[in-house]
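**Student:**
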Amino acid sequence: MRILVTGGTGTFGRPAVARLVEQGHEVRVLSRRPSPKLPAGVQAVRGDLSSDEALRDAVWHANAVLHAASNTGLGLGRGDVDGTQRLLQIAARGASVTHFLYVSIVGIDRIPLIYYRRKLACEQLVAASGIGHTILRATQFHELLSGALLAVERWPIAPLPLSWRFQPVAAAEVAARAVELLVSGPQGRAPDLGGPEVLTVDEMVRVWRSHRGHPRRVIGVSLPGRVARGFQSGFNTCPANASDARRWVEHVAGLSS
Ligand SMILES: NC(=O)c1ccc[n+]([C@@H]2O[C@H](COP(=O)([O-])OP(=O)(O)OC[C@H]3O[C@@H](n4cnc5c(N)ncnc54)[C@H](OP(=O)(O)O)[C@@H]3O)[C@@H](O)[C@H]2O)c1
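In this text, residue positions in the sequence shown follow my numbering: the first is 8, and each later residue adds one.
See below:
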């Protein structure tokens with residue numbers, strides 16, 4: 008297949024691109040970076056989701072799109088909805104794209120974070136695009152949660168929402184599932200994918216401290232509002248769809264100190 012990957016330089020995108028290359032697909036990656044680090048044989052198309060011209064170049068000749076680009080973190084998904092709309096319009100015009108896979112997040116319709124509202128709007132655009140599509144929702148990546156803990160582990164006291172629940176999953180596991188779905192054809196909303204276990208932040212931090220010795224002191228913070236209640240209730244988890252892949256403890260043990 009000839010596949011355009013957006014977000015191919017990100018946490019999810021890197022293992023997805025590597026897998027597609029391994030399977031012999033012709034892969035292009037849209038990236039804003041002047042010279043992104045990509046596996047041999049992968050073509051980079053420099054550009055932004057906000058540029059029609061870049062998207063036309065990127066989509067040209069592709070018969071499938073794996074759309075994982077997103078203004079993550081403090082970007083709060085700004086620009087994601089317009090960018091996804093633009094990409095879908097260009098993909099629909101070219102007519103060669105027969106499958107569009109969108110990477111999304113479990114619980115975005117139940118937790119009113121602004122980032123999640125924007126992801127939900129993107130999902131709705133994909134579903135209404137008329138292009139054969141798949142939407143894969145996954146739970147939070149190990150890499151995201153370990154990034155958050157790395158940021159606070161040296162603080163003298165780390166204030167954390169200890170009762171929130173997560174079902175962390177390796178980004179590579181989600182990438183493997185996305186690639187499997189992409190090559191097997193459009194299926195609308197695919198089954199959600201979560202990691203092997205649902206853990207509270209308290210449980211995750213205990214594992215973290217036992218491997219890394221930090222943070223030395225942790226205090227639980229209780230946050231008000233529907234977002235906090237959503238994470239406390241585990242609306243971002245899907246225990247019935249747990250994978251049997253890398254567990255949190257294995258991920259933490261594998262991090263360099
Ligand atoms: N992180 C999680 O826990 C998690 C869980 C479930 C689902 N997801 C979803 O998985 C997808 C990938 O997440 P991630 O954590 O891998 O993200 P990430 O590591 O932050 O990478 C973001 C990617 O998006 C690209 N990008 C951002 N803005 C762009 C723009 N305006 N134009 C073109 N490319 C742009 C970046 O490319 P360049 O910098 O090279 O331009 C980069 O490759 C997202 O849709 C996210 O919502 C994430």
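Where a beta carbon is used, it is the ideal one built from N, C-alpha and C, also for glycine.
Is the CB-CB distance between M211 and W162 below 8 angstroms?
**Tutor:** In the sequence shown, residue 211 corresponds to position 204, counting from 1. In the sequence shown, residue 162 corresponds to position 155, counting from 1. No, these two residues do not count as a Cβ contact at 8 angstroms.
**Student:** Given the structure, does F148 come close to ligand 1, in the sense that its CB is under 7 angstroms from one of the ligand's heavy atoms?
**Tutor:** Your numbering for residue 148 matches position 141 in the sequence shown. Result yes, Cβ under 7 angstroms from ligand 1.
**Student:** Starting from I121, trace the alpha helix (DSSP H) both ways and give me its first and last residue.
**Tutor:** As a position in the sequence shown, residue 121 is number 114, starting the count at 1. Looking at the DSSP string, the run of the alpha helix (DSSP H) that includes I121 is I121 to A134.
**Student:** What ranges does the alpha helix (DSSP H) occupy inside the segment 60-102, keeping only unbroken runs of at least 4 residues that lie completely in it?
**Tutor:** As for any alpha helix (DSSP H) of minimum length 4 sitting wholly inside the segment 60-102, the runs are 87-101, ordered along the chain.
**Student:** Short check: CB of I10 to CB of L37, under 8 angstroms?
**Tutor:** On the sequence shown, position 3 is the one that residue 10 refers to. On the sequence shown, position 30 is the one that residue 37 refers to. Cβ distance not < 8 angstroms, so I10 and L37 don't count as in contact.
**Student:** Does the beta-carbon distance from V176 to H149 come in below 8 angstroms?
**Tutor:** Within the sequence shown, the letter at position 169 stands for residue 176. Within the sequence shown, the letter at position 142 stands for residue 149. Yes, they are a contact pair.
**Student:** Any heavy atom of ligand 1 closer than 7 angstroms to the beta-carbon of S57?
**Tutor:** Within the sequence shown, numbered from 1, the residue matching residue 57 stands at position 50. The answer is yes for S57.
**Student:** I'd like to confirm something about T91: is its beta-carbon nearer than 7 angstroms to some heavy atom of ligand 1, or not?
**Tutor:** Mapped onto the sequence shown, residue 91 falls at position 84. Outside the cutoff, so no.
**Student:** Taking only the alpha-carbon atoms, compute the straight-line gap between A75 and G14 and give it to the nearest angstrom.
**Tutor:** For this step, residue 75 is matched to residue 68 along the sequence shown. For this step, residue 14 is matched to residue 7 along the sequence shown. Going by the C-alpha atoms only, they are around 5 angstroms apart.
**Student:** Using CA atoms only, rank isn't needed, just tell me which of A61, L151 and R53 is closest to L262.
**Tutor:** Counting from 1 along the sequence shown, the entry for residue 262 is found at position 255. The candidate whose alpha carbon is nearest that of L262 is L151.
**Student:** Which of helix, strand or coil does DSSP assign to R40?
**Tutor:** Position 33 of the sequence shown, counted from the first residue, corresponds to residue 40. Residue state, collapsed to three classes: coil.
**Student:** So for R213, helix, strand or coil by DSSP?
**Tutor:** If you number the sequence shown from 1, residue 213 lands on position 206. R213: helix per DSSP, three-state reduction.
**Student:** What is the rounded straight-line gap between the Cα of G201 and the Cα of P246?
**Tutor:** By 1-based counting over the sequence shown, the position of residue 201 is 194. By 1-based counting over the sequence shown, the position of residue 246 is 239. So the two alpha carbons sit approximately 7 angstroms from each other.
**Student:** Taking just the CA atoms, how far does A249 sit from L167?
**Tutor:** Within the sequence shown, residue 167 is the residue found at index 160, counting from 1. Within the sequence shown, residue 249 is the residue found at index 242, counting from 1. Spanning the two alpha carbons is a distance of roughly 25 angstroms.
**Student:** Comparing the CB of K126 with every heavy atom of ligand 3, is any distance shorter than 7 angstroms?
**Tutor:** Ligands in the displayed structure: ligand 1; ligand 3 is not one of them.
**Student:** Enumerate, from N- to C-terminal direction, the unbroken alpha helix (DSSP H) stretches of 4 or more residues contained entirely within the segment 191-254.
**Tutor:** DSSP runs (the alpha helix (DSSP H)) wholly in the segment 191-254: 208-219 and 233-240.
**Student:** Decide if the segment 105-113 is in contact with the segment 66-74; the criterion is three or more beta carbon pairs, one per stretch, under 8 angstroms apart.
**Tutor:** yes
**Student:** Excluding the five sequence neighbours on either side, which residues of its own chain have a C-beta within less than 6 angstroms of the C-beta of H68, listed in chain order?
**Tutor:** As a first step, residue 68 must be located in the sequence shown, where it is residue number 61. Here the set comprises R9.
**Student:** Under the rule that 16 or more other beta-carbon atoms within 10 Å means buried, what is S229, buried or exposed?
**Tutor:** One-based indexing of the sequence shown puts residue 229 at position 222. So S229 ends up on the exposed side.
**Student:** Could you give the residue range of the beta strand (DSSP E) that holds H140?
**Tutor:** Translated into positions along the sequence shown, residue 140 becomes position 133. Where H140 is concerned, the enclosing beta strand (DSSP E) stretches over H140 to A145.
**Student:** Counting only runs of 3+ residues fully inside the segment 8-57, write out the beta strand (DSSP E) ranges in chain order.
**Tutor:** 9-13, 33-38 and 50-53
**Student:** Suppose you measure from the CA of P222 to the CA of A98; what does that come to, to the nearest Å?
**Tutor:** Here residue 222 is taken as the residue at index 215 of the sequence shown, counted from 1. Here residue 98 is taken as the residue at index 91 of the sequence shown, counted from 1. Going from the Cα of P222 to the Cα of A98 covers about 47 angstroms.
**Student:** To the nearest angstrom, report how far apart I121 and R100 are at their CA atoms.
**Tutor:** Position 114 of the sequence shown, counted from the start, is the residue given in the question as residue 121. Position 93 of the sequence shown, counted from the start, is the residue given in the question as residue 100. Each residue's alpha carbon lies about 30 angstroms from the other.
**Student:** Roughly how many angstroms separate the alpha carbons of G139 and A183, rounded to a whole number?
**Tutor:** Reading the sequence shown from its first residue, position 132 is the one you call residue 139. Reading the sequence shown from its first residue, position 176 is the one you call residue 183. Their backbone Cα atoms lie some 20 angstroms apart in a straight line.
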